[in-house]
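Report on one structure; see the data block that follows.
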Ligand SMILES: NC(=O)c1ccc[n+]([C@@H]2O[C@H](COP(=O)([O-])OP(=O)(O)OC[C@H]3O[C@@H](n4cnc5c(N)ncnc54)[C@H](O)[C@@H]3O)[C@@H](O)[C@H]2O)c1
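Numbering (this note's numbering), first residue to last: 236 to 482.
Rendered as structure tokens:
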């Protein structure tokens, strides 16, 4: 399959979970990749044999300066960026009521979940505008649509991401660039593994299909959203929740 042949995708959080499965899918379908993650060793161990097609960058994407420098390096190597997928994210502390939330932890969650997606999109959009083509996907969460009790920082940061997709979708609608979000319910990844059991039960109990989503399901939907086929949907938050959100 070569659905992404000739295209360049930048993916954050690509060393694990959703980012890793989306990266593998786009690679299999012919894309060249720039993969950004704190965990450079994990990136290299997954993609070492594809070094002609894949650029692995160990980076903390909460640094706007590092993000800008990295985008310049990607453009120097591949010449363009067609696709941006923002996957890096953390839940921060959970299973806490709002009056118990640490302000410092809330800032930390926003810094990664919202600010870094602003930094990456701000850095790549000028190249997409020059090419009159782009596909941006921000991974949000059902928590951003519905608000998960016990997850103030995470839910509010993901609602902010959904808001950003709506704004950016409209701003670049006449420039060949679509900007969308994706709202998964629960997919078993290291992010979920470290959460308190009670919080995970709260989330999974709300899924009408009575199961978690799979990484394959996430990668398939994400690949469609960032493909040329997705040409008339922008500013939208795609659902991946086994029926939890029907809007
Ligand atoms: N797994 C789920 O159930 C679920 C549900 C809804 C939304 N999401 C969202 O999907 C996205 C991916 O989640 P996942 O479950 O694959 O998580 P994960 O923990 O498996 O992967 C996240 C990756 O982000 C990287 N990362 C963390 N901080 C970083 C930083 N400062 N700079 C660069 N990289 C950093 C980590 O090293 C890791 O490789 C997140 O935005 C998450 O909020 C996940």
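All C-beta atoms in this analysis are idealised placements derived from N, C-alpha and C, irrespective of residue type, glycine included.
If you measure between the beta carbons of residue 243 and residue 266, is that distance less than 8 Å?
yes
Could you please give the first and the last residue of the uninterrupted alpha helix (DSSP H) stretch that includes residue 338?
338-345
What residue does the beta strand (DSSP E) around residue 293 start on, and which one ends it?
289-293
At the level of alpha carbons, what is the spacing between residue 282 and residue 377?
30 Å
Run through DSSP, which three-state label would residue 282 get?
helix
Would you say residue 385 and residue 437 are within 8 Å of each other, going by their C-beta atoms?
yes
Bridge partner(s) assigned by DSSP for residue 266:
Paired residue(s): none; residue 266 is not in a bridge.
For the candidate residues 258, 451, 370, 382, whose alpha-carbon lies nearest to that of residue 463?
370
Taking only heavy atoms of ligand 1 into account, decide whether any of them is closer than 7 Å to the Cβ of residue 324.
yes
What are the boundary residues of the alpha helix (DSSP H) that residue 438 is part of?
432-439
Mapping DSSP to helix, strand and coil, what is residue 455?
helix
Give me the Cα-Cα distance between residue 373 and residue 322, rounded to the nearest whole angstrom.
7 Å
Give the straight-line distance between the Cα atoms of residue 253 and residue 334, rounded to the nearest whole angstrom.
31 Å
Count the other CB atoms within 10 Å of the CB of residue 300; is the residue buried (16 or more) or exposed (fewer)?
exposed
Since residue 415 sits in a beta bridge, which residues does DSSP pair it with?
372
Which of helix, strand or coil does DSSP assign to residue 309?
helix
Beta-carbon proximity check, residue 380 vs residue 418, cutoff 8 Å:
yes
Just to confirm the assignment, what range does the alpha helix (DSSP H) spanning residue 428 have?
425-428
Please report the residue range of the alpha helix (DSSP H) in which residue 355 lies.
351-366
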